[in-house]
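Just so we're on the same page, the numbering used here is the position in the sequence shown counted from 1, plus 23. Quick reminder that beta carbons are idealized off the backbone N, C-alpha and C, glycines included. In what follows, a single structure is set out as structure tokens and then discussed.
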Amino acid sequence: MGGFMTTHFGFEIAATDGRARQGRVRTPRGDIATPAFMPVGTAATVKAMMPASVRETGADILLGNTYHLMLRPGAERIDRLGGLHKFMNWERPILTDSGGFQVMSLTGLRKLTEEGVKFRSHVDGTEFNLTPERSMEIQRLLGSDIVMCFDECTPHPAEKDVAARSMALSMRWADRSKSAFGDRPGYALFGIQQGSVYPDLRAESAEALTGIGFDGYAIGGLAVGEGQEAMFGVLDYAPGQLPHDKPRYLMGVGKPDDIVGAVLRGVDMFDCVLPSRSGRTGQAFTRRGQVNIKNARHADDPRPLDAECACPACRNYSRAYLHHVFKAQEIISSMLMTWHNLQYYQDLMAGLRGAIANQTLDAFVAGFHDKRGQGDVDPL
């Protein structure tokens, strides 16, 4: 994918296979090959990784977190220091979430009104007031390329009347977010569909968002504990309710088989803390499923984590070494395991893109599930 050839934000679909789409998001900071996985750089860093290493795995874009960055070090400070890209030494695109999801999870520490959300910082207790207008301002100060509108993440499970009220509030906030975002060529604003697991509420949300008009559309309110079957149930119809010619982003997803199932249902963009968080706790994602490097069975194993992976952990180190450094709580354990997991996720996305382009997606997905079904390599 070429980069840095445009002054505008755009989206092109190059190939489809069933409902799955392969293409690219165009931004002034470079292209994003889709389907895309965005590593999460919560506090202006992908934990245990250097930015160049994240790029080396194949990542075209990172996700930053409005809530955490507004608390520490502060959006105004990052702006004074040249913006988030310069601050964290990542020149390619950055998407920032709106802060809504984190704020909604602060039950007991927040007060929700039509205006926005008042909450106390989990860091030092300072009171903040986050509104659609302030969220847009923070994301502008950060300099993020893709900005998310401010929404209420509907909890799960939610009775239909609760989900309806929450969705309607998010749509009013979406309208205010669009007004506050203004006209910013080269930067994108994404709307977020809500409506819990109710098809008619999702349709109403999609209609409201399309009426306001966004550069891309996210499917929100999933990956909040509903389980894969319920999530796929929503994804069987939700992507099709959104404009065909704009990118579709499933927020906070997820496990490899979640991603594969969502791509099959027409989703283009994903983010999740799972690969990096799992790496730090000794969990590796491999082509044959998950591996817990803590297990004693790896202590004498000279083989790599994943024989098909070209990351430094698999190329240069044995399972025995990775087991040892995890048990010894050495920092290199988090570094190598995170690098491996991010590489696995990017390899999976590249495989999905190639399969869609070649019209071989069904065979790719069958092979993906078959290999994972075999389980990890046999003990020596």
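For T233, the uninterrupted alpha helix (DSSP H) segment begins and ends at 222–235. The criterion of a C-beta distance shorter than 8 Å is not satisfied by P262 and G284. Given a length threshold of 4 residues, each whole run of the alpha helix (DSSP H) inside the stretch 37–85 is given here in chain order: 74–79. For F32, there is no enclosing alpha helix (DSSP H), since its DSSP letter is neither H nor E. Per DSSP, the unbroken beta strand (DSSP E) holding N152 starts and ends at 150–153. Contact annotation: the stretch 189–208 does not touch the stretch 262–275, with fewer than three C-beta pairs closer than 8 Å.
Here I316 is buried, its C-beta having at least 16 other C-beta atoms within 10 Å. Here the stretch 88–104 makes contact with the stretch 64–71; the two share three or more CB pairs at distances below 8 Å. Given a length threshold of 3 residues, each whole run of the beta strand (DSSP E) inside the stretch 75–141 is given here in chain order: 85–87, 117–119, 133–135. Spatial neighbours of D83 in its own chain (CB-CB distance under 8 Å, excluding positions within 5 residues in sequence) are listed in chain order as M24, G53, D54, I55, A56, A59, R115, P116.
Membership of G312 in any alpha helix (DSSP H) is not indicated; the residue belongs instead to the beta strand (DSSP E) covering 312–315. Partner residues in the beta bridge of T309, as assigned by DSSP, are G312.
Look at the stretch 253–292 and you find these whole runs of alpha helix (DSSP H), each 4 residues long or longer: 261–264, 279–287.
For G302, the uninterrupted alpha helix (DSSP H) run begins and ends at 297–303, by DSSP.
The residues F142, in chain order, have a CB closer than 6 Å to that of L129 in the same chain once the five nearest residues on each side in sequence are set aside.
For H108, the number of other beta carbons within 10 angstroms of its own is at least 16, and it is reported as buried.
Going by DSSP, V185 is part of the alpha helix (DSSP H) stretching over 183–204. Nearest Cα to V48 within the set V314, E249, G209, G87: G209.
Contact holds between the stretch 116–125 and the stretch 160–174, because three or more Cβ pairs, one in each stretch, are under 8 Å apart. Remark: C-beta atoms of P62 and L365 approach each other more closely than 8 Å. As DSSP reads the structure, A211 sits in a beta bridge with I169.
The beta carbon of L345 sits closer than 6 Å to the beta carbons of I316 from its chain, once the five residues preceding and following it are set aside; these are given in chain order. The alpha-carbon separation between T39 and F387 amounts to approximately 14 Å.
Within the same chain, and ignoring the five residues on either side of G33 in sequence, the residues whose Cβ sits closer than 6 Å to its Cβ are R49.
Out of T29, A181, S202, L132, the CA that lies nearest to the CA of L224 is found in A181. Counting along the chain, the unbroken beta strand (DSSP E) around G239 starts and ends at 239–242. By the CB criterion at 8 Å, L153 and G131 fall outside the cutoff. Between F204 and A211, the alpha-carbon positions lie close to 9 Å from each other. Per DSSP, the beta-bridge partners of Q216 are I242. Nearest to G148 by C-alpha distance, out of R303, R133, A343, is R133.
From the listed residues I355, A43, Q217, G87, the smallest Cα separation to K183 is found for Q217. For the pair A336 and M372, the CB atoms are not nearer than the 8 Å cut-off. Counting the other Cβ atoms within 10 Å of the Cβ of D385 gives fewer than 16, which makes it exposed. Here V247 is buried: its Cβ has 16 or more other Cβ atoms, across all protein chains shown, within 10 Å.
Annotation for N364: the continuous alpha helix (DSSP H) segment containing it runs 354–380. Per DSSP, A343 is one residue of the alpha helix (DSSP H) stretching across 342–350.
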